[in-house]
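In my numbering, the protein residues as written are 238 to 428.
Built from N, CA and C at the ideal position, the CB exists for glycine as well.
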Ligand SMILES: [Zn+2]
């Protein structure tokens, strides 16, 4: 992990450079004061589902409640597939994100945000990104059968409680940390 300013400058060590798409992070942070973490990723299932133009619907309910709630409340799709290296492109992406927690970038990936205490915000943004990835994988699996993609009924959405961050974020984060410990590199990463 390396700390840099919103403009990408800072004490970057030799051999390291700020990400080429740092504007994705910095423009969201500039425009959404409550946001303290921004995840940008290129999950293959999200890329494929966005290229296919599949609708981001709450296809499943209690199988993945965070994904269902995200989709029910709306997952915006930014239709540009550009590499976000210019501020005007980042501003377009931020406008598409609006006040939502995630935005899909067609043919590119996704952006997810977290709010509040930074440690919680990172976990929140990561778990939101994973929920979108889970939904994308389900969308592709259903579409592959030839069946239509249909949202579950509102009456079932109404029976999906928000289980809160202790379950949706903290428990998932502990699971991910344990997996990283068991499946990750056997020695600490170089610092
Ligand atoms: Zn990217």
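Rounded Cβ spacing between residue 370 and residue 255 (contact assumed at less than 8 angstroms): What you label residue 370 is simply residue 133 of the chain shown in a count that begins at 1. What you label residue 255 is simply residue 18 of the chain shown in a count that begins at 1. A Cβ-Cβ distance of about 25 angstroms is found for the pair residue 370 and residue 255, leaving them out of contact under the 8 angstroms criterion.
Beta strand (DSSP E) runs wholly inside the stretch 297 to 356, at least 3 long, in chain order: Entirely contained in the stretch 297 to 356, the beta strand (DSSP E) runs reaching 3 residues are, in chain order, 339 to 342, 346 to 352.
Closer than 7 angstroms: residue 279 CB and nearest ligand 1 heavy atom: Within the chain shown, numbered from 1, the residue matching residue 279 stands at position 42. Remark: the C-beta of residue 279 is in contact range of ligand 1, defined as less than 7 angstroms to any heavy atom.
Rounded C-alpha distance that separates residue 327 from residue 290: Reading the chain shown from its first residue, position 90 is the one you call residue 327. Reading the chain shown from its first residue, position 53 is the one you call residue 290. One Cα belongs to residue 327, the other to residue 290, and the distance between them is close to 22 angstroms.
Identity of the residues DSSP links to residue 277 by a beta bridge: Locating residue 277 in the chain shown gives position 40, counting from the first residue. Bridge pairing for residue 277: 348 [DSSP].
Residue 300 to residue 360 span [Cα, whole Å]: If you number the chain shown from 1, residue 300 lands on position 63. If you number the chain shown from 1, residue 360 lands on position 123. Roughly 20 angstroms between the two C-alpha positions.
Three-way DSSP call (helix, strand, coil) for residue 272 in this model: Translated into the one-based positions of the chain shown, residue 272 becomes position 35. In this structure, residue 272 counts as strand in the three-state DSSP scheme.
Inter-residue spacing [alpha-carbon to alpha-carbon] between residue 358 and residue 271: As a first step, residue 358 must be located in the chain shown, where it is residue number 121. As a first step, residue 271 must be located in the chain shown, where it is residue number 34. Roughly 10 angstroms between the two C-alpha positions.
Beta carbon of residue 296 nearer than 8 angstroms to that of residue 386: Here residue 296 refers to the residue found at position 59 of the chain shown. Here residue 386 refers to the residue found at position 149 of the chain shown. Result yes, Cβ atoms of residue 296 and residue 386 sit closer than 8 angstroms.
Local Cβ density within 10 Å of residue 293, reported as buried at 16 or more and exposed below that: Within the chain shown, numbered from 1, the residue matching residue 293 stands at position 56. Taking all protein chains shown into account, residue 293 has 16 or more neighbouring C-beta atoms within 10 Å of its C-beta and is therefore buried.
Whole-number beta carbon distance between residue 312 and residue 339, since they are thought to touch under 8 angstroms: Within the chain shown, the letter at position 102 stands for residue 339. Within the chain shown, the letter at position 75 stands for residue 312. 6 angstroms between Cβ atoms; contact.
Residues near residue 335 in its chain [Cβ-Cβ closer than 8 angstroms; skip 5 each side]: To locate residue 335, count along the chain shown from 1; it is residue 98. These residues qualify, in order along the chain: 313.
Which of helix, strand or coil DSSP assigns to residue 362: Position 125 of the chain shown, counting from 1, holds the residue named residue 362. Helix.
Cβ-based burial, residue 239 [other Cβ within 10 Å; buried from 16]: Residue numbering aside, residue 239 sits at position 2 when the chain shown is read from its first letter. By the 10 Å Cβ count, residue 239 comes out exposed.
Ligand 1 heavy atom lying under 7 angstroms from the CB of residue 311: Along the chain shown, one-based indexing puts residue 311 at 74. At a cut-off of 7 angstroms, the beta-carbon of residue 311 does not count as near ligand 1: no heavy atom of the ligand is closer than that.
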